[in-house]
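If you count the sequence shown from 1, position 146 lands on 146 in my numbering, and the numbers rise without skipping. Each residue gets a CB set at the ideal place from its N, CA and C atoms; glycine is no exception. No experiment lies behind these values; they were computed from the predicted model shown.
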Amino acid sequence: MVHIPLIKGLLKNVHNLRQTLLLQKNISKRMRPDDVIAPTHLAIETTNICPAKCVFCPSQFLTRPRGVMDMDLFKRIIDDAKNCSSINFITHGGLGEPLVDTLLAERVNHEKSMLGAQIQIHTNGALLSSATTQKLFDAGLDVLSISLNAFHSRTHRQVTGLDYDQVRKNTEQAFKIKEKSGVQTDIRITMVQTKNITQAEVKDFIAYWRKFTSKVAVHPQKNWGGWHKNNVTDPKFPCKWIWHMMSVNWDGSVTLCHEDYDAKHVIGNLKNSTILEIFNCQDLQEIRTLFAKGQFPSRDQCHECSRLRLDKAFWLESKIKKLPSGIISYTYRPNR
Ligand SMILES: C[S@@+](CC[C@H](N)C(=O)[O-])C[C@H]1O[C@@H](n2cnc3c(N)ncnc32)[C@H](O)[C@@H]1O
Ligand code: SF4
Numbered sequence: 001m002v003h004i005p006l007i008k009g010l011l012k013n014v015h016n017l018r019q020t021l022l023l024q025k026n027i028s029k030r031m032r033p034d035d036v037i038a039p040t041h042l043a044i045e046t047t048n049i050c051p052a053k054c055v056f057c058p059s060q061f062l063t064r065p066r067g068v069m070d071m072d073l074f075k076r077i078i079d080d081a082k083n084c085s086s087i088n089f090i091t092h093g094g095l096g097e098p099l100v101d102t103l104l105a106e107r108v109n110h111e112k113s114m115l116g117a118q119i120q121i122h123t124n125g126a127l128l129s130s131a132t133t134q135k136l137f138d139a140g141l142d143v144l145s146i147s148l149n150a151f152h153s154r155t156h157r158q159v160t161g162l163d164y165d166q167v168r169k170n171t172e173q174a175f176k177i178k179e180k181s182g183v184q185t186d187i188r189i190t191m192v193q194t195k196n197i198t199q200a201e202v203k204d205f206i207a208y209w210r211k212f213t214s215k216v217a218v219h220p221q222k223n224w225g226g227w228h229k230n231n232v233t234d235p236k237f238p239c240k241w242i243w244h245m246m247s248v249n250w251d252g253s254v255t256l257c258h259e260d261y262d263a264k265h266v267i268g269n270l271k272n273s274t275i276l277e278i279f280n281c282q283d284l285q286e287i288r289t290l291f292a293k294g295q296f297p298s299r300d301q302c303h304e305c306s307r308l309r310l311d312k313a314f315w316l317e318s319k320i321k322k323l324p325s326g327i328i329s330y331t332y333r334p335n336r
């Protein structure tokens, strides 16, 4: 007699083994630290000011100065991105609330006309008025990702310090404006799974927002390079960020990656260097070489980073492109 559960178990093991082998093969084949690498994703923090106090985010504890990116610097960065010809994705989030920046829609407009890249904003929704939403849609924003982070007012206040009723009203209004104006902007709803939220609340959250969009995601809590002590186990996967993404702070400074929330390790500034120069600086090349040798950096920020446990999809899904100049780039678009 055929034993169905046994066969299912065997098939699952074979599938897991295949995935592991594919992952190992992809990881070693894909790391090319000797090439000149151009980023495909720019994470531009246009401000690090934020009125919220999310329990899982270090924004309220920043010691670096607060501010909003100067428009001339912003335009210089976008000109440089155009010269790079590799940037196809820009996100605005950083360690602030992008909607505090009143020039945000103007910036999105500029990015769309100069680069045609996909533009995504992460917002906590508190300042998402109807006028702001309309301006962002008119500017050609591709993805409006709203970080709701709870389903009930009480937990939302505990987790973010914000007024949930206002945030929920703004979010529902954004869906209405999208429908009315017929724009293509993708609205996504996200939650970070914290200990404040029960499984029942997660279920209610998903069920409620699925009525508006299929793009509802619940993400595990990352530890911001060891800021939280959760998820600190042995690292498993090489870091993905240093191969495809450049993280720029509001003052033009660039850090190893955006997990360096307080800019403790600045590797350059786009006020006086180019994207390509910084992305191929000695610091980054040394770390890439270490990963390519199968080692992990000993510096605290990397060593304790939960990303090295979470991010295996990049090694299975990213695409490497070689530009005519010989420069290579890695394209990877997480569905966040
Ligand atoms: C740092 S916020 C900045 C943008 C904006 N203020 C917001 O909340 O969307 C960008 C995204 O990171 C998420 N985030 C912050 N801390 C996190 C953590 N520890 N783990 C996972 N996601 C986190 C937020 O929920 C948000 O979706
Ligand atoms: S997650 Fe966003 S809204 Fe919350 S504190 Fe951090 S920057 Fe502010």
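Selection 171, 165, 229 evaluated against residue 145 yields 171 as nearest (Cα-Cα). Distances from the CA of residue 212 to each of 243, 239, 176 were compared; the closest alpha carbon is that of 176. Contact between the region 272-288 and the region 27-41 is present: three or more C-beta pairs spanning the two stretches fall below 8 Å. Residue ranges of uninterrupted beta strand (DSSP E) with 3 or more members, entirely inside the region 133-202 and ordered along the chain, are 143-147, 186-192. Cβ contact annotation for residue 60 (same chain, cutoff 7 Å, sequence separation greater than five): 53, in chain order. At a cut-off of 3 residues, the continuous stretches assigned as beta strand (DSSP E) that sit fully inside the region 197-272 are 216-219, 245-248, 253-255, 266-269. Judged by DSSP secondary structure, residue 73 falls within the alpha helix (DSSP H) whose first and last residues are 71-84.
Relative to ligand 1, the beta carbon of residue 60 is positioned no closer than 7 Å to any heavy atom. For the pair residue 248 and residue 29, the Cα-to-Cα distance works out to about 28 Å. For residue 172, the Cβ stays outside the 7 Å cut-off from all heavy atoms of ligand 2. Following the DSSP letters along the chain, one finds residue 284 inside the alpha helix (DSSP H) bounded by residues 282-292.
Put simply, the region 149-157 does not touch the region 106-123. Fewer than three CB pairs are less than 8 Å apart. At a threshold of 7 Å, residue 50 counts as near ligand 1, since its beta carbon sits closer than that to one of the ligand's heavy atoms. For residue 118, the three-state secondary structure derived from DSSP is strand.
Only buried fits residue 77, as 16 or more other CB atoms lie within 10 angstroms of its CB. Cα atoms of residue 225 and residue 6: separation of roughly 41 Å, rounded to the nearest angstrom. In this structure, residue 272 lies away from residue 254, with their beta-carbon atoms at least 8 Å apart. Taking a cut-off of 8 Å on C-beta distances, the region 39-48 touches the region 88-102, as three or more cross pairs fall below it. Per DSSP, residue 87 lies in no beta strand (DSSP E) segment and is marked neither H nor E.
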